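The working numbering applies: residue 225 is where the sequence shown begins, and numbers increase by one.
From the three backbone atoms N, C-alpha and C, an ideal C-beta is built for every residue, glycine too.
In this text, all values refer to a predicted model and were calculated from it rather than measured experimentally.
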Amino acid sequence: MRVRNKDKYAEIEKAIDELFFETGRPPSTREIGDRIGMPKGTLARYMGWMREEGVIDYADGKYRGVSTDKISKAKSGVKSIPVVGTIACGTPALAEENIDSYISISTELLGRGNFFFLKASGDSMIDAGIDDGDLVLVKEQQEAHEGEIVVALTDEGENTLKRFYRDPKKRKVILRPENQKHEDIIVSDCRIQGIAIKVLKDLR
C-alpha cells in the first residue's frame with residue numbers, strides 16, 4: 225500500500241495557488257508538476273487522492289480547480305499583473321527577463337485588456353506625478369492618442385516612459401518628459417508598448 229505524504233498535498237496546493245495568481249486560470253497538471261519537480265505519475269496519484277478527499281476537483285487526467293471556496297471566492301475578480309523592472313534597451317517591456325514579480329489586483333480597477341506594472345526610474349516624469357521607484361500601471365496596446373503617457377520602444381532601441389506627440393510636418397514622433405530639466409526625445413518612429421493609466425505609490 226502506498227503511503228500518502230500529506231506534506232505533498234500542501235506543496236501541490238501551494239503550486240496551484242501560485243500558478244493561479246500568475247496566469248489567472250487553473251493550471252494544467254503539467255504546469256503543476258514542472259513547478260514542484262514531481263514526476264507525472266506521482267502527481268497524478270496524489271491529485272487522485274486529493275480528489276477523493278475533496279481537496280481539488282480532478283478527474284480523467286484533468287485538473288478543474290480547487291473544489292473548496294479557497295480560490296473560487298478569495299480569488300475571483302482578481303488578476304495577477306507582472307511587475308516590470310528596468311527595461312533592457314531594445315527588448316519588449318514584457319520580455320521574461322524584465323519581469324521582477326507579480327501583484328494581484330481587483331479586475332474592477334482594471335477594465336478589459338492586458339496590463340503590467342512598470343517600475344519608474346529617474347525623475348523625467350515627476351511633473352506628471354510619477355516619481356523614481358513608483359509603480360505605473362500600463363495597459364498593453366500599440367496605439368496612442370496625442371498627450372497620452374506611453375511606454376515606447378524607439379527606432380534606436382531605447383525604452384522610455386514619456387508623453388506621446390506627433391509632428392506630422394517633420395514626420396517625427398516626440399516623446400516628451402514631464403520635467404523641464406529633460407529634453408524631448410525626437411525619433412522617426414517608435415513602437416508603443418502600452419499606455420500608462422494609474423500610479424501606485426507610497427504616501428509621504
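R387 counts as buried, since at least 16 other C-beta atoms from the protein chains shown sit within 10 angstroms of its C-beta. Restricting attention to Q404, D258, K232, P306, the CA atom closest to the CA of W273 is found in K232. With three or more CB-CB distances shorter than 8 angstroms, the region 360 to 379 counts as touching the region 335 to 352.
When DSSP states are grouped into helix, strand and coil, K422 belongs to the strand group.
Following the DSSP letters along the chain, one finds T384 inside the beta strand (DSSP E) bounded by residues 383 to 391. For L333, the secondary structure class from DSSP, reduced to helix, strand or coil, is helix. In the structure shown, K363 falls within a strand segment according to DSSP collapsed to helix, strand and coil. For D356, same chain residues with a beta-carbon under 7 angstroms away, outside a window of 5 residues either side, are A344, S345, G346, D347 in chain order. Beta-bridge partners of V302 (DSSP): S330. Taking the C-beta atoms as reference points, L243 is found no nearer than 8 angstroms to I260. DSSP, read as helix, strand or coil, puts A376 in strand. In this chain, the beta strand (DSSP E) harbouring K343 covers 339 to 343. In the three-state reduction of the DSSP assignment, I354 falls in the coil class.
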